[in-house]
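*Asks:* Next up is a structure, given as structure tokens.
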Amino acid sequence: MARVDEPTQQIEGSGIEAPVPPKVRRAFGLLERFAPAIGSRWALEVWCTPPDMNSSLRMPPGVPAGEPLEATWEGHRVQGESWGEGPPVYLVHGWGGCRAHLGVFVKPLVATGHKVIAFDLPSHNDSDRGALARGRTTVVECAKAVEAVVRAHGPARAVVAHSLGAKAAALAAAAGAPAERLVFLAPMGDFSLYLDMFADRHGFGPRIRRGLHRRLDRRLGVPLYDTDLPVVAARTGHLPLLLVHDPDDPDSPYETSERIVDVWPGANLVTTRGLGRLAHYRILRHRPAIDAALEFIGGAPIA
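Using this note's numbering, the letters of the sequence shown correspond one by one to residues 4 to 306.
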């Protein structure tokens, strides 16, 4: 296990969700007391709905429009674009994000001889919904989309993934999507934490929480906690992994990456510092984080 501390640089921009309206919290509070089964059904639909983030869908300045591409999984279309030529590096955004969120990697990766492929996850932006209602998806569907794109466009020289995208990328690799190495930026923590945060944010208690957990297990087709990265590491830990995380991150605890490093043989953790309350999103444009990922991926092999 290796850790590297890096200096920091502040940058504006975020993907912060809007607060839950008080009337929604009151409704969940009443359902917790009198109708937890109805409350858990509602909570399931809210859980599976990516938030409408306050963030740009445009690529960073200087990144031209890419070549359109797509892939399909179980009849659902995934839309993306590519730049450059060479062994592919895939960029996977987080929950509520879009393919532009990792756009700062496009130019430097192309310059090192890679083909860069960025795409939108199911029910995000240009990609189709999955099996659920419009605007809803799950981490398992996102993983199927990642696997489909990699299988359609070639084995990954690397996958660079943020937040929930890291879970999806790890699950895709565990399912057999060919990849040489993985880079996880502020990977999403264990779902037990997010169930607690979700319940607190929406104003319900243990009865709806238990029902939500049971419904999620059924909807995913696998136990929810089996999608947590320390568990998935047992199936993907043979792959070289770089984690980049900031202790200030309020949305994905830094301790998540520490646990992953402890169970993933040969994984390295780069620690950024001082990115503040928006660390979860600032890390996507933080130069030391970007440089660490580029160094880890390296130049494209000479054919």
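Think of the CB as a built atom: it goes at the ideal place given N, C-alpha and C, for glycine as much as any other residue. Predicted model, so just to flag it, every value in this text is computed and none were measured.
1) Classify T75: buried if its beta carbon has 16 or more other beta carbons within 10 angstroms, exposed otherwise.
2) Quick one: Cα of P190 to Cα of L33, how far?
3) Just to confirm, are V107 and I293 a CB contact at a threshold of 8 angstroms?
4) Should the segment 47-54 be regarded as contacting the segment 259-267, the criterion being three or more beta carbon pairs within less than 8 angstroms?
5) Using 8 angstroms for Cβ pairs, my map puts A296 next to L245. What's the rounded Cβ distance?
6) Is the Cβ-Cβ distance between L167 and V142 less than 8 angstroms?
7) Do the CB positions of H117 and L105 come within less than 8 angstroms of each other?
8) DSSP three-state label for I293, please.
9) Rounding to the nearest angstrom, what Cα-Cα distance links L124 and G208 in this structure?
10) If you draw a straight line from the C-alpha of D254 to the C-alpha of A169, how long is it?
11) Beta-carbon within less than 8 angstroms of R137's beta-carbon, same chain only, minus the 5 sequence neighbours each way: which residues are those?
12) Measure the CB-CB distance between H269 and A40 and report whether it falls below 8 angstroms.
13) Residue range of the beta strand (DSSP E) that Y197 falls in?
14) Contact check, D249 vs R276 under 8 angstroms by CB: the rounded distance?
15) Between M4 and the rest of its own chain, which residues show a CB-CB distance below 6 angstroms, the 5 nearest in sequence each way excluded?
16) If we count Cβ pairs, one from each stretch, closer than 8 angstroms, do we get three or more for the segment 61-77 versus the segment 143-156?
17) Whole angstroms is fine: what's the gap from R238's alpha carbon to V225's?
18) Does the Cβ-Cβ distance between V103 and L60 come in under 8 angstroms?
19) Cα separation between D220 and P71?
20) For L287, does the three-state DSSP call read helix, strand or coil?
21) Considering S260, what are the terminal residues of the alpha helix (DSSP H) in which it resides?
22) Would you mind giving the Cβ-Cβ distance between A159 and E144, rounded to the nearest angstrom? I have them listed as a contact below 8 angstroms.
23) So the alpha helix (DSSP H) V186 belongs to, where does it begin and stop?
24) Alpha carbon to alpha carbon, how far is A236 from P243? Give it in angstroms, no decimals.
*Replies:* Well, looking at it:
1) The residue given as residue 75 occupies position 72 in the sequence shown. T75 is exposed by the Cβ-count criterion.
2) Reading the sequence shown from its first residue, position 187 is the one you call residue 190. Reading the sequence shown from its first residue, position 30 is the one you call residue 33. Between P190 and L33, the C-alpha separation is close to 34 angstroms.
3) Indexing the sequence shown from 1 puts residue 107 at position 104. Indexing the sequence shown from 1 puts residue 293 at position 290. Against a cut-off of 8 angstroms, the Cβ pair of I293 and V107 comes out as a contact.
4) no
5) As a working note, residue 296 is residue 293 in the sequence shown. As a working note, residue 245 is residue 242 in the sequence shown. A296 to L245, Cβ: 6 angstroms. Contact.
6) Here residue 167 refers to the residue found at position 164 of the sequence shown. Here residue 142 refers to the residue found at position 139 of the sequence shown. Yes.
7) Walking along the sequence shown from the start, residue 117 turns up at place 114. Walking along the sequence shown from the start, residue 105 turns up at place 102. No, the pair does not count as a contact, with Cβ atoms beyond the cut-off.
8) Residue numbering aside, residue 293 sits at position 290 when the sequence shown is read from its first letter. Helix, per DSSP.
9) Working through the sequence shown from its first residue, we reach residue 124 at position 121. Working through the sequence shown from its first residue, we reach residue 208 at position 205. Between L124 and G208, the C-alpha separation is close to 31 angstroms.
10) Indexing the sequence shown from 1 puts residue 254 at position 251. Indexing the sequence shown from 1 puts residue 169 at position 166. For D254 and A169, the distance between alpha carbons rounds to 14 angstroms.
11) For the purposes of this step, residue 137 is identified with residue 134 of the sequence shown, where counting begins at 1. Counting only Cβ-Cβ distances below 8 angstroms, and skipping sequence neighbours, we find S126.
12) Mapped onto the sequence shown, residue 269 falls at position 266. Mapped onto the sequence shown, residue 40 falls at position 37. One detail in the question is off: residue 269 reads as Gly in this sequence, not His. Note that the C-beta distance between G269 and A40 is not below 8 angstroms.
13) Counted from its first residue, the sequence shown places residue 197 at position 194. Premise fails: Y197 lies in the alpha helix (DSSP H), 194-205, not in any beta strand (DSSP E).
14) Here residue 249 corresponds to residue number 246 of the sequence shown, with the count starting at 1. Here residue 276 corresponds to residue number 273 of the sequence shown, with the count starting at 1. Here D249 really is in contact with R276; their C-beta atoms are around 7 angstroms apart, less than 8 angstroms.
15) In the sequence shown, the residue the question calls residue 4 occupies position 1. In this predicted model, M4 has a pLDDT of only 39, less than 50, meaning its place in the structure is not dependable; the value taken from the coordinates is given anyway. If we look at M4 and ignore the five residues flanking it on each side, its Cβ neighbours are V264.
16) yes
17) If you number the sequence shown from 1, residue 238 lands on position 235. If you number the sequence shown from 1, residue 225 lands on position 222. Distance between the alpha carbons of R238 and V225 is about 15 angstroms.
18) By one-based count along the sequence shown, residue 103 stands at place 100. By one-based count along the sequence shown, residue 60 stands at place 57. At residue 103 the sequence reads Ala, which differs from the Val that was named. Yes; because the gap between Cβ atoms is below 8 angstroms, this pair is in contact.
19) Within the sequence shown, numbered from 1, the residue matching residue 220 stands at position 217. Within the sequence shown, numbered from 1, the residue matching residue 71 stands at position 68. CA-to-CA, the gap between D220 and P71 works out to about 35 angstroms.
20) For the purposes of this step, residue 287 is taken as residue 284 along the sequence shown, with counting starting at 1. Helix, per DSSP.
21) Within the sequence shown, numbered from 1, the residue matching residue 260 stands at position 257. Unbroken alpha helix (DSSP H) run through S260: 257-266.
22) In the sequence shown, counting from the first residue as 1, residue 159 sits at position 156. In the sequence shown, counting from the first residue as 1, residue 144 sits at position 141. With 8 angstroms as the limit, A159 and E144 do not qualify as a contact, their Cβ atoms being about 19 angstroms apart.
23) Taking the sequence shown and counting its residues from 1, the one referred to as residue 186 is at position 183. Element bounds for V186: not the alpha helix (DSSP H) but the beta strand (DSSP E), 185-188.
24) On the sequence shown, position 240 is the one that residue 243 refers to. On the sequence shown, position 233 is the one that residue 236 refers to. One C-alpha to the other measures close to 11 angstroms.
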